[in-house]
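Novice: This structure is in structure tokens; I'll ask about it shortly.
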Amino acid sequence: MSAHVEGQLPHEPEKATLEGRNKVLGFWLFLGGETVLFGTLFSAFLALRHQVLDGPPAHELFSLPLVAIATALLLTSSLTSVFATQALHRHDNKKLITWLIVTVLLGLGFLCLEIYEFYHYVKEGHGFTTSAFSSSFYTLVGFHGAHVALGIVWISLLIGQLAKKGLTVVTAPKAYVAGLYWHFIDVVWVFIFTVVYLMGKVV
Amino acid sequence: MAHGHAVKRHTGLMDWLTTVDHKKIGILYLIAGGFFFLVGGLEALLIRIQLWKPLNDFVGADTYNELLTMHGTTMIFLAAMPMLFALMNAIVPLQIGARDVAFPFVNALGFWTFFFGAVLLNVSWFAGSAPEAGWTAYAPLAGTTYSPGHGMDYYVIGLQIAGIGTLIGGINFLVTIINMRAPGMTFMRMPMFTWASFITSALILFAFPALTVGLAALMFDRIFDANFFDPSGGGNSVLWEHIFWIFGHPEVYILILPAFGVISDVISTFSRKRLFGYSSMVFATILIGFLGFMVWAHHMFTTGLGPIANSLFSIATMLIAVPTGIKIFNWLFTMWGGSIKFTTANLFAVGFIPTFVMGGVTGVMLAAAPADFQYHDSYFVVAHFHYVIVGGLILGIFSGLHYWWPKMFGRMLNETIGKLTFWTFFIGFHMTFFVQHFLGLLGMPRRIWTYLDGLGFNEMNLISTIGAILMGFGTIFFLLNVTITAFKPKNAVNDPWEDGRTLEWTISSPPPEYNFQQTPLVRGYDAFWKEKMEGKKGMTPAEPIGSIHMPSPSILPFFMSLGLFITGFGLLYSDGTWGSVGGIDTGYIIGAAGLLVTFTCMILRSLYDDHGFHIEPEDQHDGGVKA
């Protein structure tokens with residue numbers, strides 16, 4: 001609806017239209033709800049994490065080097081998603097796409113490590129139904145992993161759209177909120193790393 | 001690129017399935033919510049028939065449990081919330097001078113997910129086992145050990161799907177109210193109903209995700225053998241109580257705040273006075289919303305959290321009486337010295353005040369933890385929450401429906417039948433629930449399917465049942481009124497009550513699909529009243545007449561929600577009921593197919609931009625939506 005000249009994007013194109021502003025605000029609010037969602041999952045995990053029954057306890061199970069690599073991958077992907085948003089603000093579609101691709105690849109790496117990790121745990125006798133600890137662990141970490149997977153699919157589709165339609169006042173808000181989303185799941189991971197893995201190592 | 005996008009205009013059923021117009025979505029919410037209100041009411045009547053005499057065998061104990069569970073679940077999630085969403089959709093954008101909500105597509109999606117979740121929940125009746133563990137689904141009763149059938153599976157999955165609809169609806173209203181207000185419509189000039197809807201939406205946003213997690217965990221326990229709430233697997237059944245009530249207590253404020261908003265608008269209009277203490281009303285609403293998150297454990301006084309926790313939650317609960325009291329006095333002072341018209345809408349509003357006060361007083365009684373040990377799980381509690389929910393919320397909804405009916409449908413409801421509705425419902429209500437206080441104090445426990453003779457319960461239960469039948473008649477009178485009105489000419493004027501104070505009364509009834517031909521300029525609180533007082537007929541426009549951009553209708557929300565419905569259904573029967581294909585349970589395959597439908601729709605929505613269409617000034621001759 002805005003009468004901008006083709007090829008000449010306004011400053012902060014994600015907020016140039018009312019639709020864009022609505023989308024950005026709505027997404028922030030959505031993330032507020034997501035915070036409560038993960039807060040509840042964390043509470044359930046904290047309440048149940050000592051109920052290991054016959055399964056392996058957390059400090060024997062977790063291998064920090066593997067988790068540290070996963071963390072490094074995800075935190076780096078957060079940085080690259082910032083570069084993507086910066087490219088968006090410079091109206092540089094090519095760089096935006098490049099950084100989004102890097103972000104997705106790092107996310108994929110994280111996801112592969114997580115799948116390997118879960119596979120490994122199940123072999124160690126830490127199945128989904130083993131104990132309240134294992135159920136709440138897989139639910140919390142799995143909800144996060146599902147968010148990462150969804151983000152990867154979403155950003156991949158977005159890359160296709162950006163390549164085809166270019167950076168416009170319609171695609172810019174999408175790229176911007178995808179960045180917000182990616183940061184959010186990163187922040188959640190920081191908490192998971194601390195609460196689940198580091199605290200799990202404390203005997 | 002903008003102008004001249006041809007858009008396919010649908011008619012008939014397709015129009016309703018594809019609409020993204022908030023006014024039509026409001027009507028859809030009203031029809032669906034109204035239908036489930038009747039279903040829940042029928043369940044209530046069956047409960048009351050079973051209890052009218054001692055040792056009655058009208059229904060068996062198992063059926064009674066199902067009726068009781070579905071009555072509560074239906075009334076809260078499938079009747080009360082959608083009817084509130086109906087009013088919010090129909091009125092909030094008009095009250096802030098907006099052409100539409102922020103996310104029309106999401107708005108439609110919210111309705112259809114609610115609808116399919118609600119249908120899934122009620123399919124359980126026909127599938128042979130309805131949910132039976134109470135609307136609170138306490139563990140371990142709700143687990144597979146004590147609820148082995150599929151009933152509670154329907155509960156967790158149906159509510160999960162309906163909950164998604166509510167959550168995105170809440171986000172939609174928050175953004176609409178923050179971003180879409182007309183020029184001059186500052187926050188402190190918003191009508192109270194809009195304020196209440198705003199706070200309610202915030203509560204939805206921060207309360208519903210907790211329910212999402214709770215239901216997911218219970219579903220994992222039931223379907224995938226997880227151990228969240230099963231003590232034999234190391235789980236903790238009290239954890240469910242915490243998660244449920246962290247959602248559940250804000251939920252009751254989600255329900256009551258919009259009713260407070262309706263009452264504020266109605267009383268102010270029919271007292272022909274500015275709402276007394278507007279800013280304190282706003283503050284009280286915010287405070288109730290805030291405190292609503294701090295009191296969940298007052299549902300758990302007898303769980304054994306210890307004296308410190310009980311005292312803190314007791315005090316926090318009593319604190320809520322302060323902002324609520326502010327509201328009560330403000331309504332009374334609004335009426336004080338006003339020139340009051342007792343229309344049906346106002347009768348419901350005025351009837352609300354003492355009724356809600358009674359529910360509030362028993363609330364404070366229950367908040368006293370030591371006393372609660374006596375009241376807990378007795379009919380006293382049943383009386384209390386029906387006084388606040390029926391006596392508060394339902395009277396509020398009736399008031400709002402009578403008040404805004406001409407704005408929604410272009411026809412005035414009949415006042416004589418309306419008054420008949422009020423008196424039958426109001427007297428029936430007090431007959432049903434007033435005696436239940438005393439039944440509770442005499443020791444009648446809630447959720448029992450029958451009772452022995454000679455305990456002193458007989459007469460009061462009979463009175464209660466007669467009252468419930470009267471409430472049923474009240475509802476029938478309302479339906480009769482709606483039916484008769486539907487055959488009357490559509491002749492409601494812009495401001496049919498003549499005392500309209502807010503922006504919705506400045507446009508035609510029902511409004512054209514773009515609401516405001518020119519966005520109004522708001523110059524103060526009670527925007528329309530201010531103009532009237534200065535001798536003006538309408539609002540000053542804030543923009544010249546021009547082409548109006550509208551979103552395109554879409555069938556995608558319907559199919560996205562249908563996909564979720566199929567997924568839920570597949571997941572429900574993933575226990576080998578339907579055999580397996582290639583080693584994978586048929587239930588999972590159906591579930592995956594449903595998800596595929598939903599995700600395909602999401603991808604389609606993302607890839608194909610909705611350019612919408614424009615209504616040019618020459619076409620803006622006030623057609624009005626057809627209701």
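Chains A and B supply the protein sequences, listed in that same order. UniProt numbering puts the first residue of the first sequence at 1, with every later residue one more than the last. UniProt numbering puts the first residue of the second sequence at 1, with every later residue one more than the last. By construction, the Cβ of each residue, glycine as well, lies at the ideal position given by its N, Cα and C atoms. If you're wondering where the values come from, they're calculated on a predicted model, not measured in any experiment.
(1) Going by DSSP in three states, I286 of chain B sits in which element: helix, strand or coil?
(2) Per the contact definition of three or more C-beta pairs closer than 8 Å, is the region 208-218 of chain B in contact with the region 23-37 of chain A?
(3) Any residues in the region 159-183 of chain B with a beta carbon nearer than 7 Å to a beta carbon of chain A? Which ones, in chain order?
(4) Residues in its own chain within less than 6 Å of Q620 of chain B by CB, not counting five upstream and five downstream?
(5) By Cβ distance below 6 Å, which residues in the same chain neighbour H3 of chain B in space, the five residues on each side in sequence not counted?
(6) Please report the straight-line C-alpha distance between G443 of chain B and F105 of chain B, rounded to a whole angstrom.
(7) Do S237 of chain B and A139 of chain B have their beta-carbon atoms positioned less than 8 Å apart in this structure?
(8) Is it a yes or a no for the region 328-343 of chain B touching the region 272-280 of chain B, going by three-plus beta-carbon pairs under 8 Å?
(9) Hey, could you find the ends of the beta strand (DSSP E) F613 of chain B is sitting in?
(10) Quick one: which chain A residues come within Cβ less than 7 Å of T212 of chain B?
(11) Where DSSP assigns a beta bridge to L521 of chain B, which residues make up the other side?
(12) When DSSP labels each residue in this structure, what does P370 of chain B get in the three-state scheme?
(13) Compute the distance between the beta-carbons of M539 of chain B and T567 of chain B, then report whether it is under 8 Å.
(14) In whole angstroms, what is the alpha-carbon distance linking G306 of chain B and P445 of chain B?
(15) Should L393 of chain B be flagged as near chain A, meaning a C-beta pair shorter than 8 Å?
(16) Which word fits V202 of chain A, buried or exposed, when buried means at least 16 other C-beta atoms lie within 10 angstroms of its C-beta?
(17) Considering only residues of the same chain and omitting the five flanking positions on each side of E618 of chain B, which have a CB-CB separation below 8 Å?
(18) L25 of chain A versus chain B: which residues are under 7 Å apart at the beta carbon?
(19) Let me know the secondary structure DSSP gives P489 of chain B once reduced to three states.
(20) In terms of DSSP beta bridges, what is V581 of chain B paired with?
(21) Would you decide whether M219 of chain B is buried or exposed? Buried here means 16 or more other CB atoms lie within 10 Å of its CB.
(22) Please list, in chain order, the chain B residues whose beta carbon lies closer than 9 Å to that of F30 of chain A.
(23) Quick one: grab the DSSP three-state call for P406 of chain B.
(24) Return the CA-CA distance between R189 of chain B and I463 of chain B, expressed in angstroms with no decimal places.
(25) Note down, in chain order, each residue of its chain lying with its Cβ closer than 7 Å to the Cβ of K488 of chain B, except the 5 sequence neighbours on either side.
(26) For S147 of chain B, tell me which candidate among B:T317, B:D221, B:I25, B:Y375 has the shortest Cα-Cα distance.
(27) Rounded to whole angstroms, what is the Cα-Cα separation between H89 of chain A and T80 of chain A?
(28) Grouping DSSP H, G and I as helix and E and B as strand, with all else coil, what is P104 of chain B?
(29) Check for me: the alpha helix (DSSP H) holding M533 of chain B runs from which residue to which?
(30) With DSSP as the reference, label I548 of chain B as helix, strand or coil.
(31) Taking 8 Å as the CB-CB limit, is E34 of chain A close to chain B?
(32) Just reading off the alpha helix (DSSP H) that W296 of chain B is part of, what are its end residues?
(33) Within this structure, are the beta carbons of F352 of chain B and G392 of chain B separated by less than 8 Å?
(34) Along the region 220-246 of chain B, where does the CB come closer than 7 Å to a CB of chain A? Name the residues.
(35) Report, in whole angstroms, the separation of the C-beta atoms of L96 of chain A and L167 of chain A, which I expect to be a contact under 8 Å.
(36) With DSSP run on the structure shown, which of helix, strand or coil describes P553 of chain B?
Specialist: Reading from the atomic positions:
(1) To locate residue 286 of chain B, count along the second sequence from 1; it is residue 286. I286 of chain B: helix per DSSP, three-state reduction.
(2) yes
(3) L167, I171, L174, V175, I178, N179
(4) Mapped onto the second sequence, residue 620 of chain B falls at position 620. Closer than 6 Å at the Cβ level, and outside the excluded window around Q620 of chain B, lie Q517.
(5) In the second sequence, residue 3 of chain B corresponds to position 3, counting from 1. Summary for H3 of chain B: the model assigns pLDDT 45, below 50, so the residue's position carries little reliability; its value from the coordinates is reported in the next sentence. So the list reads H614, once near-sequence residues are dropped.
(6) Reading the second sequence from its first residue, position 443 is the one you call residue 443 of chain B. Reading the second sequence from its first residue, position 105 is the one you call residue 105 of chain B. Approximately 51 Å between the Cα atoms of the pair.
(7) Taking the second sequence and counting its residues from 1, one reaches residue 139 of chain B at position 139. Taking the second sequence and counting its residues from 1, one reaches residue 237 of chain B at position 237. Yes, the Cβ-Cβ distance between A139 of chain B and S237 of chain B is below 8 Å.
(8) yes
(9) Taking the second sequence and counting its residues from 1, the one referred to as residue 613 of chain B is at position 613. Segment 613-615, the beta strand (DSSP E) holding F613 of chain B.
(10) Counting from 1 along the second sequence, the entry for residue 212 of chain B is found at position 212. In chain order: L37.
(11) As a working note, residue 521 of chain B is residue 521 in the second sequence. Its beta-bridge partners are B:T540.
(12) What you label residue 370 of chain B is simply residue 370 of the second sequence in a count that begins at 1. Reduced to three states, the DSSP call for P370 of chain B is helix.
(13) Along the second sequence, one-based indexing puts residue 539 of chain B at 539. Along the second sequence, one-based indexing puts residue 567 of chain B at 567. Contact flag unset, no.
(14) Working through the second sequence from its first residue, we reach residue 306 of chain B at position 306. Working through the second sequence from its first residue, we reach residue 445 of chain B at position 445. Straight-line Cα distance between these residues: approximately 24 Å.
(15) In the second sequence, counting from the first residue as 1, residue 393 of chain B sits at position 393. False, the Cβ-Cβ gap to chain A never drops below 8 Å.
(16) Here the question's residue 202 of chain A lines up with position 202 in the first sequence. With fewer than 16 Cβ atoms within 10 Å of its Cβ, V202 of chain A is classed as exposed.
(17) The count along the second sequence starts at 1 and reaches residue 618 of chain B at position 618. Here the set comprises nothing.
(18) Start at 1 with the first residue of the first sequence, and residue 25 of chain A comes out as number 25. Correct list: V175, I178, N179.
(19) As a position in the second sequence, residue 489 of chain B is number 489, starting the count at 1. The answer is coil: DSSP assigns P489 of chain B none of H, G, I, E or B.
(20) As a working note, residue 581 of chain B is residue 581 in the second sequence. Answer is B:I584, bridged to V581 of chain B.
(21) Taking the second sequence and counting its residues from 1, the one referred to as residue 219 of chain B is at position 219. When all chains shown are included, M219 of chain B counts as buried.
(22) Here residue 30 of chain A is taken as the residue at index 30 of the first sequence, counted from 1. Ordered by position in chain B, the residues that pass the 9 Å Cβ test against F30 of chain A are L167, I168, I171, L205.
(23) Your numbering for residue 406 of chain B matches position 406 in the second sequence. Of the three classes helix, strand and coil, the one that applies to P406 of chain B here is helix, per DSSP.
(24) Residue mapping note: residue 189 of chain B aligns to position 189 of the second sequence, counting from 1. Residue mapping note: residue 463 of chain B aligns to position 463 of the second sequence, counting from 1. Roughly 46 Å separates the two Cα atoms.
(25) Along the second sequence, one-based indexing puts residue 488 of chain B at 488. Answer for K488 of chain B: R411, listed in chain order.
(26) Position 147 of the second sequence holds residue 147 of chain B. Per the Cα distances, B:D221.
(27) Reading the first sequence from its first residue, position 89 is the one you call residue 89 of chain A. Reading the first sequence from its first residue, position 80 is the one you call residue 80 of chain A. Those two C-alpha atoms are separated by around 14 Å.
(28) The residue labelled residue 104 of chain B in the question sits at position 104 within the second sequence. Three-state DSSP puts P104 of chain B in a helix.
(29) As a working note, residue 533 of chain B is residue 533 in the second sequence. Residues 527-533.
(30) Within the second sequence, the letter at position 548 stands for residue 548 of chain B. In this structure, I548 of chain B counts as strand in the three-state DSSP scheme.
(31) Working through the first sequence from its first residue, we reach residue 34 of chain A at position 34. Yes, its Cβ sits closer than 8 Å to a Cβ of chain B.
(32) Here residue 296 of chain B is taken as the residue at index 296 of the second sequence, counted from 1. Note, W296 of chain B: premise wrong, no alpha helix (DSSP H); not H, not E.
(33) In the second sequence, residue 352 of chain B corresponds to position 352, counting from 1. In the second sequence, residue 392 of chain B corresponds to position 392, counting from 1. Yes, the Cβ-Cβ distance between F352 of chain B and G392 of chain B is below 8 Å.
(34) F220, F224, D225, A226, N227, F228, G233, G234, G235, N236, L239, I243
(35) Walking along the first sequence from the start, residue 96 of chain A turns up at place 96. Walking along the first sequence from the start, residue 167 of chain A turns up at place 167. That pair is a contact at about 7 Å.
(36) Position 553 of the second sequence holds residue 553 of chain B. Residue state, collapsed to three classes: coil.
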